[in-house]
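Protein chains in written order, with this note's numbering: chain A, 251 to 362; chain B, 146 to 255.
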């Protein structure tokens, strides 16, 4: 089975721009969670999608949004980028959401 | 907010030494997971513990879940340079959300 894939792997944007990140879960997995990882804050939960519905949401501003498609692929969008949004964005998939999560390699976003 | 505190935050040891990493919380979790993450990559699951008092061994790694399911420890025997990485614990509250610990960065010097 192929693992979780994320695209792109690296991204450089400037303040005020928006960005869309993509995540393809392991085949058969219906839950996709997104996390932001920074040296200062560690791994923080953004949101979780299951069967195209956002089931859980972390404590992030509305500039962070996401969606899930019928094939379980997920995208997250960050609008009006700020310097503090520079981070490694990780997605993780699992079958239904309460079991083992499998992480992708992440997308490293740098905001200048 | 369910907070998982890990200690120590940084650890640098010589090859062959033993070490223990701790993961503590005031919250009860239905299960707890340990991950290792290498630079530029996503975390990779090492183990999941689900029963209070449970001990699991994975070669030189021993994981223990506290009796009250609020804390856990990871013990590495005879550390090797390949053990270098960021160790993360994560608790599952059955609310479809995992809470990650603050992380322990381990460096094993050859």
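Glycine residues also receive a C-beta, built at the ideal position from the N, C-alpha and C atoms.
Exercise for the section: Provide the residue(s) that pair with residue 150 of chain B in DSSP beta bridges, ordered along the chain. Expected result: B:169
Exercise for the section: Output, in chain order, the set of chain B residues within a Cβ distance shorter than 9 Å of residue 278 of chain A. Expected result: In chain order: nothing, as chain B lies at least about 17 Å away.
Practice task
Could you name the residues of the stretch 228-253 of chain B whose beta carbon sits closer than 9 Å to any beta carbon of chain A, in the order they occur along the chain?
Solution key: Listed in chain order, the positions of the stretch 228-253 of chain B with a beta carbon within less than 9 Å of a beta carbon of chain A are 233, 235, 237, 239, 240, 241, 242, 243, 244, 245, 246, 247 and 248.
Problem - Outcome for residue 319 of chain A when other beta-carbon atoms lying within 10 angstroms are tallied against a minimum of 16 - result: exposed
Exercise for the section: Mind checking which residues open and close the beta strand (DSSP E) that includes residue 318 of chain A? Expected result: 314-318
Practice task
Given a cut-off of 9 Å, decide if residue 149 of chain B and residue 237 of chain B are closer than it, judged by their beta-carbon atoms.
Solution key: no
Practice task
Kindly indicate if chain B contains any beta-carbon less than 9 Å away from that of residue 267 of chain A.
Solution key: no
Practice task
Pick out whichever of B:155, B:186 and B:242 has its Cα sitting closest to the Cα of residue 304 of chain A.
Solution key: B:242
Practice task
Return the first residue and the last residue of the beta strand (DSSP E) that residue 327 of chain A is part of.
Solution key: 324-328
Practice task
Would you mind sorting residue 249 of chain B into buried or exposed? The rule is 16 or more other CB atoms within 10 Å of its CB.
Solution key: Note on residue 249 of chain B: 16 or more other CB atoms within 10 angstroms of its CB, so buried under the neighbour-count rule.
Practice task
Indicate the three-state DSSP secondary structure (helix, strand or coil) for residue 228 of chain B in the structure shown.
Solution key: helix
Problem - Near-chain B residues of the stretch 345-359 of chain A (beta-carbon distance less than 8 Å), N- to C-terminal order - result: 347, 348, 350, 351, 352, 353, 354, 355, 356 and 358
Practice task
Compute the Euclidean distance between the alpha carbons of residue 282 of chain A and residue 229 of chain B, then round it to the nearest angstrom.
Solution key: 28 Å
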